[in-house]
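Novice:
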Amino acid sequence: MTDGKERIGFIGLGIMGLPMARNLIRAGYSLTVNNRGPEPEQQLAAEGAQVARTAREVAEQSDIVITMLPDSPQVEEVVLGENGVVEGLASGGLYIDMSSIAPSTARKVAEALKAKGADSLDAPVSGGQVGAEGATLSIMVGGSEEGFARARPVFEAVGKNIVHIGGPGAGQVTKICNQIVVALTIQAVAEAMTLARKSGVDASRVREALLGGFAQSRILDLHGQRILDGNFKPGFRIHLHRKDLRLALEAGREQAVPLPATAGVAELMNSMIAQGMGDLDHSGLAALYGQLAGLD
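Take the position in the sequence shown, starting the count at 1, then add 676; the result is the number in the working numbering.
(1) Who does Ile838 pair with in a DSSP beta bridge?
(2) If contact is defined by three or more beta carbon pairs under 8 Å, each pair taking one atom from either stretch, is the region 809-828 in contact with the region 768-785?
(3) DSSP state of Gln892, grouped into three classes?
(4) Tell me the rounded alpha-carbon separation between Met816 and Leu797.
(5) Just to confirm, is the Cβ distance from Asp795 to Ser820 under 7 Å?
(6) Just to check my reading of the structure: Pro800 and Gln848 have Cβ atoms closer than 8 Å, yes? What is that Cβ distance to the nearest angstrom?
(7) For Ser893, which residues from the same chain have a beta carbon less than 7 Å from its beta carbon, with the 5 sequence-adjacent residues on both sides left out?
(8) When DSSP builds the beta bridges, which residues end up paired with Gln671?
(9) Tell me, which residues are paired with Asp798 by DSSP?
(10) Tell me which residues share the same chain as Asn699 and place their Cβ nearer than 6 Å to its Cβ, disregarding the 5 neighbours each side in the sequence.
(11) Using the three-state DSSP reduction, which class does Asp957 fall into: helix, strand or coil?
(12) So is Ala868 buried or exposed if we call it buried at 16+ other beta carbons inside 10 Å?
(13) Taking the CB atoms as reference points, tell me whether Ser706 and Arg683 lie closer together than 7 Å.
(14) Skipping 5 residues on each side, what residues in its chain have a beta carbon closer than 7 Å to that of Leu898?
(15) What does a CB cutoff of less than 7 Å around Ser939 pick up in its chain, not counting 5 residues either side in sequence?
(16) If we ignore side chains and look at the alpha-carbon of each, how far apart do Met692 and Pro716 end up?
(17) Please work out which residues of its chain come closer than 7 Å, Cβ to Cβ, to Ala962, disregarding the five sequence neighbours upstream and downstream, and give them in chain order.
(18) Check for me: the alpha helix (DSSP H) holding Val761 runs from which residue to which?
(19) Cα separation between Pro934 and Lys851?
(20) Run through DSSP, which three-state label would Val882 get?
(21) Measuring CA to CA, which of Ile701, Gln855, Asn711, Pro749 is closest to Val941?
Here it is in structure tokens:
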């Protein structure tokens, strides 16, 4: 430990992981990092981080290992694969996955770490790139009470709204529920703004009026403005949100829960990806609606 702080390993330095890792350095943590591409490693090395060649090396040099990866297969590879975290993390270590993955994968990883004598948490986040950069992420945590208490200071360096939900996998269930609500709300805002435009009504005034009534929401406020501006520079890309909805639909099938509205917006996102629009921000659903309505 450095000044009483545990040594942190961070694997996955993408649009979310890089600013999260940077905030841990700023909070005074000793950090060892690993990423498939060298550029973010070099950026953090210039700020004081150590660079490791493999996930196993990260784990060997860390008390707590965090991953922030695209999907379930990458988490399984990095944690359970050759030269993975499970091979390097000592008994008594803590593994935290902050990716958005299948709840079943989170439980599988937890069992593997438990057999090694290590604890684990699934702790996906919400708040996008802005939240990652500002250390204001919402963090939804599954795993043991003891692991959560140990990880809390680390979470506080990267987020604000931090909730322990329940046992292994509970954080991931919460995240896919979050993604359902976000996707369907963006869809509703996109439909409303498109109808206003097609009707020849000032969509900015429609948004202003709705923000003062029962329809108000953070998505109507922030993404509604993005839609008005036609600014779909990604904070959270369509193809990543579609991935999260796939996880939701898979969980729905496992639990025999019908999710017809989720399936509908997932198909719209599939259409956008097929048209080469998968790297737009998820508020870019409005661009597809504009096409369908003959506006764009």
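Every residue gets a Cβ at the ideal spot worked out from N, C-alpha and C, and that includes glycine.
As the structure is a prediction and not an experimental result, all values here were calculated from the model.
Specialist: This is what the structure gives:
(1) Within the sequence shown, numbered from 1, the residue matching residue 838 stands at position 162. Ile838 is bridged to Ile815.
(2) Yes, they touch.
(3) For the purposes of this step, residue 892 is taken as the residue at position 216 of the sequence shown. Correct three-state label for Gln892: coil.
(4) Walking along the sequence shown from the start, residue 816 turns up at place 140. Walking along the sequence shown from the start, residue 797 turns up at place 121. It is roughly 10 Å from the alpha-carbon of Met816 to the alpha-carbon of Leu797.
(5) Counting from 1 along the sequence shown, the entry for residue 795 is found at position 119. Counting from 1 along the sequence shown, the entry for residue 820 is found at position 144. Going by C-beta atoms, Asp795 is nearer than 7 Å to Ser820.
(6) Locating residue 800 in the sequence shown gives position 124, where the first residue counts as 1. Locating residue 848 in the sequence shown gives position 172, where the first residue counts as 1. Pro800 to Gln848, Cβ: 6 Å. Contact.
(7) Counting from 1 along the sequence shown, the entry for residue 893 is found at position 217. Result list for Ser893: Thr861, in chain order.
(8) Limits of the chain in this structure are 677 at one end and 972 at the other, which puts residue 671 out of reach.
(9) Reading the sequence shown from its first residue, position 122 is the one you call residue 798. Checking the DSSP bridge columns, you'll see Asp798 partnered with Asp773, Gly818.
(10) For the purposes of this step, residue 699 is taken as the residue at position 23 of the sequence shown. Once the five neighbours on either side are set aside, the close Cβ partners of Asn699 are Ala811, Ala833, Val834.
(11) One-based indexing of the sequence shown puts residue 957 at position 281. Collapsing the DSSP output to three states places Asp957 in a strand.
(12) Within the sequence shown, the letter at position 192 stands for residue 868. Buried, since its Cβ has 16 or more Cβ neighbours within 10 Å.
(13) For the purposes of this step, residue 706 is taken as the residue at position 30 of the sequence shown. For the purposes of this step, residue 683 is taken as the residue at position 7 of the sequence shown. Going by C-beta atoms, Ser706 is nearer than 7 Å to Arg683.
(14) Taking the sequence shown and counting its residues from 1, one reaches residue 898 at position 222. Correct list: empty, nothing qualifies.
(15) Numbered from 1 along the sequence shown, position 263 holds the residue referred to as residue 939. The identity of residue 939 in the sequence shown is Ala, whereas the question assumes Ser. Once the five neighbours on either side are set aside, the close Cβ partners of Ala939 are Leu925.
(16) Sequence index remark: in the sequence shown, residue 692 carries index 16 (1-based). Sequence index remark: in the sequence shown, residue 716 carries index 40 (1-based). One C-alpha to the other measures close to 12 Å.
(17) Indexing the sequence shown from 1 puts residue 962 at position 286. Correct list, in chain order: Ala866, Met869, Thr870, Ile903.
(18) Numbered from 1 along the sequence shown, position 85 holds the residue referred to as residue 761. Segment 761-764, the alpha helix (DSSP H) holding Val761.
(19) To locate residue 934, count along the sequence shown from 1; it is residue 258. To locate residue 851, count along the sequence shown from 1; it is residue 175. One alpha carbon belongs to Pro934, the other to Lys851, and they sit about 18 Å apart.
(20) Counting from 1 along the sequence shown, the entry for residue 882 is found at position 206. If DSSP states are grouped into helix, strand and coil, Val882 belongs with the helices.
(21) Residue mapping note: residue 941 aligns to position 265 of the sequence shown, counting from 1. The residue with the shortest Cα to Cα distance from Val941 is Gln855.
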